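For reference, the structure is listed below as structure tokens.
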Amino acid sequence: MQNVFSNTPRRWTGELKRKEDIDRTSVIRSIMFTFSVLHYQGETVKNTLLISVKQLLRLYRDTENPHYMEAAEQEILAYLCMGLSLPADAEIRDLCEKKQIRQQAMDLRMGKKVRLNKTQVRSLIGKWKTSRNTPMNVSQVVDDIIEKVSRREEGTWRYSYQRMHRGQLEREEYELVILPDETFFWDLNHFRFCSFIEEEKRKPHDTDSDSG
């Protein structure tokens, strides 16, 4: 009986073909969604990216199968589309630069970095009005997000707003994920992601140095 499970990788001899019915953006969105739920298992996106891409590149070198390289590029692209910063890994950074993956992420416009201030955090949230089901007003939501990110309050925080529109219940949902070395916020309805750039606190002027 032939052993179909072999430890020796086979060399790729075919051609890389794309199926016309598979939209590239849909593939990236699927990877992003997978990344976005890793925190429920206690895993970070960065750590998963490092392990997965390294393995895919190793398989590509062993087999010369371009599908492995394409999958590695797609995972890096999905990671950047979440607004996250690349890990300090030379191999991944070199591939990103060689394949211009940063530019691809910018073109897809599914993720970004925003400053951790009231104006930019408010821009992430759509229409929001207080009601019996939504006791927090939008200013309180913004302040809560800024406070949790600033204090590194680890956990998953869900912000939900619902309203009746033309007789139908509409719901807006957002999720803030804070891990020891990773934070991101995403709009579940519109599938938009972002990470935060914390603003440096201004130091008080040293008046003593100017006196005399």
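Just so it is clear: in the sequence shown, position 195 is 235 by the working numbering, and no numbers are missing.
C-beta: ideal position from N, C-alpha, C; glycine also.
Just so we're clear, the structure is a prediction, and the values are computed from it rather than from any experiment.
Cβ neighbours of residue i in the same chain (closer than 6 Å, five flanking residues each side left out)
i	result
Leu-124	Ser-235
Glu-238	Leu-156
Val-181	Tyr-199
Reduced DSSP secondary structure (H/G/I, E/B, other) of residue i
i	result
Phe-224	strand
Leu-99	helix
Cys-234	strand
Ser-125	coil
Val-67	helix
Val-217	strand
Glu-239	coil
Val-85	helix
Glu-113	helix
Distance CB(residue i)-CB(residue j) smaller than 9 Å
i	j	result
Met-150	Met-72	yes
Ile-185	Tyr-199	yes
Tyr-201	Lys-158	no
Gly-166	Glu-110	no
Gln-144	Leu-126	no
Ile-132	Leu-90	yes
Phe-231	Arg-69	yes
Trp-226	Ser-76	yes
Lys-86	Asp-221	yes
Per DSSP, cross-strand counterpart(s) of residue i
i	result
Gln-202	Arg-211
Leu-90	For Leu-90, which the question treats as bridged, DSSP gives no partner whatsoever.
Nonlocal neighbours in the same chain, by C-beta distance under 7 Å from residue i, ignoring five residues either side
i	result
Val-217	His-79, Thr-196, Thr-223, Phe-224
Tyr-152	Reading off the sequence, residue 152 comes out as Lys, not Tyr. Excluding positions up to five away in sequence, the list reads Gly-123, Cys-234.
Asp-61	Per-residue confidence for Asp-61 stands at a pLDDT of 42, beneath the threshold of 50, marking its modelled position as unreliable; the derived number appears in the next sentence. Hits under 7 Å: none found.
Lys-188	Trp-197, Leu-216, Ile-218
Leu-148	Thr-65, Ile-68, Cys-121
Neighbourhood of residue i by C-beta, 8 Å cutoff - its chain only, sequence neighbours within 5 removed
i	result
Arg-142	Leu-120, Cys-136
Leu-228	Glu-213, Tyr-214, Glu-215
Next item on the list: Could I get the ranges of all uninterrupted beta strand (DSSP E) runs contained in the stretch 130-197, with 3 residues as the minimum, in chain order?
Entry: 151-155, all fully within the stretch 130-197.
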